[in-house]
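Counting from 147, one number per residue, gives the positions in the sequence shown under my numbering.
Ideal Cβ placement from N, Cα and C applies to all residues, glycine included.
A short worksheet on the structure shown next.
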Amino acid sequence: MPAKKPPKRPATKPTPAPPPSIQPAALFRARLLGYLVGLVPLLALLLMFRQLLPSPVALGLVLVGFMASVWVQQRIRQRYPHDFKQRAEWLALGAYTLLVVLVAVVFLSLVS
147 MPAKKPPKRP
157 ATKPTPAPPP
167 SIQPAALFRA
177 RLLGYLVGLV
187 PLLALLLMFR
197 QLLPSPVALG
207 LVLVGFMASV
217 WVQQRIRQRY
227 PHDFKQRAEW
237 LALGAYTLLV
247 VLVAVVFLSL
257 VS
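Now the structure itself:
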């Protein structure tokens, strides 16, 4: 008669390590960089539609800027996951918003 096998115990999941403390200045710089890299394709499209850049140059900038934006933002998200409980996240978003408004005002005042 064959011996009985002992019942299998469910595999225990390892407990995740607590996240390392993130320096607010590093989080601010990384998040702001992630936002700013996304401006390159948008500005290239704006300049192309205003006929300030030739279409092939602008579309090349859009392609390169888009690829760089996606790559940089993925890398930043891996290292610094979004946590809007931290003040640095809001500061980076506010600085980006302020910069976008400033660029829009300057551009519209120069074009008009």
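Under a three-way DSSP split, which group does Gln219 fall into? On the sequence shown, residue 219 is found 73 positions in, with the first residue counted as 1. Reduced to three states, the DSSP call for Gln219 is helix.
Would you say the stretch 240-248 touches the stretch 174-194, given that touching needs at least three Cβ pairs under 8 Å? Enough Cβ pairs lie closer than 8 Å, so yes.
Between the CA atoms of Leu207 and Ser167 - distance to the nearest angstrom: Residue 167 sits at position 21 when you count from the first residue of the sequence shown. Residue 207 sits at position 61 when you count from the first residue of the sequence shown. Their backbone Cα atoms lie some 37 Å apart in a straight line.
Three-way DSSP call (helix, strand, coil) for Tyr242 in this model: Reading the sequence shown from its first residue, position 96 is the one you call residue 242. In the structure shown, Tyr242 sits in a helix (DSSP, three-state: H, G or I).
Residue range of the alpha helix (DSSP H) that Tyr181 falls in? Position 35 of the sequence shown, counted from the first residue, corresponds to residue 181. For Tyr181, the enclosing alpha helix (DSSP H) stretches over residues Pro170 to Val183.
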